[in-house]
Amino acid sequence: MFIAFEGIDGCGKSTQLDLFYDYLVKSGFECIKVREPGGTILGEKVRRILLDKEMRINSRSELLLFLASRAQLIEEIIKPSLEKGYYVLADRFADSSIAYQGAGRNLGEVVVEKLNAFATDNIFPDIVFYIDIPVKEALRRIESKSKDRIEREGENYLRVVREAYLSMANKRENFYILDGTKSIEEIHNEIVNLYKSFKPSP
Ligand code: ADP
Ligand code: MG
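Its first residue numbered 2, the sequence shown is counted upward by one per residue in the numbering used here.
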């Protein structure tokens, strides 16, 4: 099974991914964690470029760099792991590009969907856990950390990104919205319950 965690920075993705990973391992499953951009040698190099505060990157090349990292991750790590029957937990995946580049950079969500399908060879998560929090709360949580190129984008950019994520929920049945302002434990329990009640479509 392939499960992605999505949401703006500071919403709690990494926190929840780690807790869910521990839950699956304790339940006896083989699991791997991957992050985007990154997760492969090429991907980590692309990550350094993408998050570099000094780097000037236009919107189209930004999207293509994310897609290159994703294409490599799918081929090198995700596909072989899924074939072995492992759980793959992804800290961000294709929906991040729809929200951040498609909506946030105004490249168009439909275009990004098509390019995602090309980059991933049509492999998408079985479940997406989207953790929703108000932009102000997210910014408050990451206030003290040193911000990368994308985290330095302003509040308005993040508002557009959040709206794009929220609108995905109406279109897709495997996309679950979690209230990121609840406690870490409450959100974890909800994730476990949603996972347990998930029935893969035939
Ligand atoms: P992300 O990976 O989405 O950027 P993190 O999991 O790193 O977010 O969490 C960002 C910060 O917010 C961390 O300091 C984390 O401890 C804190 N945090 C995570 N979930 C919650 C929550 N439900 N309530 C309060 N603080 C949280
Ligand atoms: Mg994180």
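Note that beta-carbon positions come from the ideal geometry of N, C-alpha and C, so glycine has one too.
Item: Tyr101 beta carbon less than 8 Å from that of Glu7; Value: no
Item: Under 8 Å between C-beta atoms of Ile143 and Gly11; Value: yes
Item: Terminal residues of the beta strand (DSSP E) in which Tyr101 lies; Value: Counting along the chain, Tyr101 falls outside any beta strand (DSSP E), and DSSP gives it neither H nor E.
Item: Glu84 burial status per 10 Å Cβ neighbour count (16 or more: buried); Value: exposed
Item: For Glu7, the first and last residue of its enclosing beta strand (DSSP E); Value: Phe3 to Glu7
Item: Beta bridge counterpart(s) of Val129 as assigned by DSSP; Value: Ala5 and Phe176
Item: Thr16 beta carbon near the ligand ADP (any heavy atom closer than 7 Å); Value: yes
Item: Identified DSSP bridge partners for Arg48; Value: Answer by DSSP bridge pairing: none, since Arg48 is not bridged.
Item: Three-state secondary structure assigned by DSSP to Tyr24; Value: helix
Item: Top-ranked residue by Cα proximity to Glu63, from Lys80, Ile99, Tyr87 and Ser168; Value: Ile99
Item: Residue range of the unbroken alpha helix (DSSP H) whose run includes Ile124; Value: Per DSSP, Ile124 belongs to no alpha helix (DSSP H) and is neither H nor E.
Item: Unbroken alpha helix (DSSP H) run spanning Ile143, endpoints; Value: Val136 to Ile143
Item: Tyr88, DSSP secondary structure in three states; Value: strand
Item: Whole-Å CB distance - Gly232 paired with Glu45, under 8 Å assumed; Value: Missing from the structure shown is residue 232; the chain here goes from 2 to 203 and no further.
Item: Stretch pair the segment 17-29 + the segment 87-99: three plus CB contacts closer than 8 Å; Value: yes
Item: Residues of its chain near Asn59, where Cβ-Cβ distance is below 8 Å and the 5 sequence neighbours each way are ignored; Value: none
Item: DSSP three-state assignment for Lys197, whether helix, strand or coil; Value: helix
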